[in-house]
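Under the numbering used here, think of the first position of the sequence shown as 26, with each following residue one higher. One structure is given below, encoded as structure tokens.
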Amino acid sequence: MKKALLIVLTVIAVQLNAQENPGRFDLRFGMGYSLMGNGDMNIIGFENELNFKISNYFSTAFALNYGRSNSGVYATTSFIQGNLNVFISPFRNNRKNDFRVGTGLTLMNVSDTYREDNYWNGVITEPYLDKRSAFGYNIIIEDSYSITDRFILGMKIFTQLYYTTGDINSGITVKFGVKL
Numbered sequence: 026m027k028k029a030l031l032i033v034l035t036v037i038a039v040q041l042n043a044q045e046n047p048g049r050f051d052l053r054f055g056m057g058y059s060l061m062g063n064g065d066m067n068i069i070g071f072e073n074e075l076n077f078k079i080s081n082y083f084s085t086a087f088a089l090n091y092g093r094s095n096s097g098v099y100a101t102t103s104f105i106q107g108n109l110n111v112f113i114s115p116f117r118n119n120r121k122n123d124f125r126v127g128t129g130l131t132l133m134n135v136s137d138t139y140r141e142d143n144y145w146n147g148v149i150t151e152p153y154l155d156k157r158s159a160f161g162y163n164i165i166i167e168d169s170y171s172i173t174d175r176f177i178l179g180m181k182i183f184t185q186l187y188y189t190t191g192d193i194n195s196g197i198t199v200k201f202g203v204k205l
């Protein structure tokens, strides 16, 4: 009976400890500002990111982003993007502050709408929709701070360069996260 009680108490203690110390995953939500093109479009973007801590120095992340602009060379621009990144934390990522540098791959789908002058048929302007997909890479500098054992607040500076279209997207994002 004593052994059974000891096993039950040990299992409960392990479960309580696991609840107090979050695991290797965290989910971060962000909002930020970026310049797309050569500063041609001012983008407000939203990010959802799932991070996995590999070790005290390495982590990886998968992010989905949405951005939209109503000011710049086009009437509107919007994009949906997926990113797969790898980060190194030179000062370790097991403390309250986690400074990390990362790179990774990105796939972006962009839609631009604009009007173009057309005098051939007497119509002054015609609307156009330009859609394209771009594949490229990310360069990221990010700093996160654990407000509590579960909650994270951070900021990242990034640039994304696209091989296939020559697009560039650079900006800053503020993030709020939860350790899972």
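Quick reminder that beta carbons are idealized off the backbone N, C-alpha and C, glycines included.
| said: Check this for me: beta carbons of Q106 and N95, under 9 Å apart or not? | reply: Along the sequence shown, one-based indexing puts residue 106 at 81. Along the sequence shown, one-based indexing puts residue 95 at 70. Cβ distance not < 9 Å, so Q106 and N95 don't count as in contact.
| message | Among K204, F71 and T173, whose alpha-carbon lies nearest the alpha-carbon of S103? | response | Here residue 103 refers to the residue found at position 78 when the sequence shown is read from its first residue. Here the closest residue by C-alpha is F71.
| F152 to T173 span [Cα, whole Å] | For this step, residue 152 is matched to residue 127 along the sequence shown. For this step, residue 173 is matched to residue 148 along the sequence shown. In the sequence under discussion, the amino acid at residue 152 is Pro, which differs from the Phe named in the question. Their Cα atoms are separated by approximately 50 Å.
| task | Give the range of the beta strand (DSSP E) segment to which T85 is assigned. | result | Along the sequence shown, read from residue 1 onward, the residue named residue 85 stands at position 60. Counting along the chain, the beta strand (DSSP E) containing T85 begins and ends at F83 to S94.
| said: When you compare the CB of G92 with every CB in chain D, is at least one pair closer than 9 Å? | reply: Given the protein chain composition of this structure (a single chain), no chain D is represented.
| said: Just to confirm my understanding: we take N42, look at its own chain, exclude 5 residues before and 5 after, and list those with CB closer than 6 Å. What are they? | reply: The residue given as residue 42 occupies position 17 in the sequence shown. Reliability of the predicted coordinates at N42 is poor, the pLDDT of 48 falling under 50, and no value is obtained from them.
| Using the beta-carbon count (16 or more within 10 Å), is Y187 buried or exposed? | Reading the sequence shown from its first residue, position 162 is the one you call residue 187. Answer is buried; the Cβ neighbour count reaches 16.
| task | With DSSP as the reference, label S103 as helix, strand or coil. | result | On the sequence shown, position 78 is the one that residue 103 refers to. Residue state, collapsed to three classes: strand.
| said: Which same chain residues end up closer than 6 Å to T85 when comparing Cβ atoms and leaving out the 5 residues on each side of it in sequence? | reply: Looking up residue 85 in the sequence shown gives position 60. Excluding sequence neighbours, T85 sits near F77 and V111.
| field | C-alpha gap between F206 and L132, whole angstroms | value | Examination of residue 206 is not possible in this model, given that the chain is present from 26 through 205 alone.
| message | Less than 8 Å between C-beta atoms, sequence neighbours within five positions excluded: which residues of the same chain meet that for L52? | response | Position 27 of the sequence shown, counted from the start, is the residue given in the question as residue 52. Result list for L52: N73, E74, L75, N76, G202, V203 and L205, in chain order.
| query | Rounded to the nearest angstrom, how far is the Cβ of N122 from that of Y82, given a contact under 8 Å? | reply | For this step, residue 122 is matched to residue 97 along the sequence shown. For this step, residue 82 is matched to residue 57 along the sequence shown. Rounded, the Cβ-Cβ distance is 14 Å, inconsistent with contact.
| Are the Cβ atoms of G92 and K181 separated by less than 9 Å? | Walking along the sequence shown from the start, residue 92 turns up at place 67. Walking along the sequence shown from the start, residue 181 turns up at place 156. It is not a contact, given that the beta carbons lie outside the stated cut-off.
| Can you tell me whether DSSP reads S80 as helix, strand or coil? | Residue numbering aside, residue 80 sits at position 55 when the sequence shown is read from its first letter. It is coil, neither helix nor strand.
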